[in-house]
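Numbering (the UniProt record's numbering), first residue to last: 1 to 137. Every residue, glycine too, gets a C-beta built ideally from N, C-alpha and C. Predicted model only: the values in this text are computed from it and were never measured. What follows is a short report on a single structure.
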Amino acid sequence: MGHGQRALAASFLGGLGLFPGQELLLMQLWEEDGLSQKALGTPQGLDHSTVAKSVRRLEAGGLVSRSRSPRDGRVTLVHLTEAGRALRGPVTAAWAELQAAVAAELTGAEQIDFQRLARKILVGIDRASAGRDLQSP
1 MGHGQRALAA
11 SFLGGLGLFP
21 GQELLLMQLW
31 EEDGLSQKAL
41 GTPQGLDHST
51 VAKSVRRLEA
61 GGLVSRSRSP
71 RDGRVTLVHL
81 TEAGRALRGP
91 VTAAWAELQA
101 AVAAELTGAE
111 QIDFQRLARK
121 ILVGIDRASA
131 GRDLQSP
């Protein structure tokens, strides 16, 4: 299921010049611009090299810029460009279209049940992860 959804996401996001996962970094920046690369990777449990590669690609695409933190020169801050901000609407629309396509075979009641169960699974993951040093493969 994961590979199929990732391929489907790639088809929705590819038209926007994004690889799957990059939209998640942009979504974080839309909520709080100027995050450190480390802070960008934390919610998804991404390692530093994965985040750095994604940020480099986003920068090459003109969607973000990087700068050193004035408080700590070892920290790299990531800022949206105008082009990155402009993608908010199209990415949100692509996600809505993707969700609709994925859930098309479920009834309304099944969608509600699935969302309820998925939230429970996420709580279980959070509890099981607490205090563990999780690294991406």
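Quiz prompt | Alpha-carbon spacing of A10 relative to F19, whole angstroms | solution = Start at 1 with the first residue of the sequence shown, and residue 10 comes out as number 10. Start at 1 with the first residue of the sequence shown, and residue 19 comes out as number 19. When rounded, the distance between both Cα atoms is 6 Å.
Exercise. Please state if the CB of T81 and the CB of V102 are separated by a distance shorter than 8 Å.
Key: Counted from its first residue, the sequence shown places residue 102 at position 102. Counted from its first residue, the sequence shown places residue 81 at position 81. No, the pair does not count as a contact, with Cβ atoms beyond the cut-off.
Quiz item: Closest by CA to G15, which one among R71, S36 and L87?
Solution: Reading the sequence shown from its first residue, position 15 is the one you call residue 15. When only C-alpha atoms are compared, the closest one is L87.
Quiz item: Which full runs of the alpha helix (DSSP H) of 4+ residues lie inside the stretch 74–106, going along the chain?
Solution: 82–86 and 88–103
Quiz item: How long is the line joining the alpha carbons of G41 and A109, rounded to whole angstroms?
Solution: On the sequence shown, position 41 is the one that residue 41 refers to. On the sequence shown, position 109 is the one that residue 109 refers to. Cα to Cα, G41 sits roughly 34 Å from A109.
Exercise. Please check the pair R85 and T76, which I expect to be a contact at CB under 8 Å, by giving their CB distance rounded to whole angstroms.
Key: The residue you call residue 85 lines up with position 85 of the sequence shown. The residue you call residue 76 lines up with position 76 of the sequence shown. Not confirmed; about 20 Å, so no contact.
Quiz item: Using DSSP with H/G/I as helix, E/B as strand and the rest coil, what is R57?
Solution: Translated into the one-based positions of the sequence shown, residue 57 becomes position 57. Three-state result, R57: helix.
Quiz item: Which residues in the same chain as A94 place their Cβ atom closer than 7 Å to its Cβ, once the five residues preceding and following it in sequence are excluded?
Solution: Within the sequence shown, numbered from 1, the residue matching residue 94 stands at position 94. F12, L13 and L16, listed in sequence order.
Quiz item: Run through DSSP, which three-state label would R116 get?
Solution: To locate residue 116, count along the sequence shown from 1; it is residue 116. Three-state result, R116: helix.
Quiz item: Under 8 Å, do Q44 and L58 count as touching if we go by C-beta distance?
Solution: For the purposes of this step, residue 44 is taken as the residue at position 44 of the sequence shown. For the purposes of this step, residue 58 is taken as the residue at position 58 of the sequence shown. Not a contact, by the Cβ cut-off of 8 Å.
Quiz item: Leaving out five residues before and five after P137 in sequence, what residues of the same chain have Cβ atoms less than 6 Å from its Cβ?
Solution: Residue 137 sits at position 137 when you count from the first residue of the sequence shown. Because P137 carries a pLDDT of 48, less than 50, the predicted location of this residue cannot be relied on, and no value is offered for it.
Quiz item: So, A52 versus Q37, is the Cβ gap smaller than 8 Å?
Solution: Here residue 52 refers to the residue found at position 52 of the sequence shown. Here residue 37 refers to the residue found at position 37 of the sequence shown. Yes, they are a contact pair.
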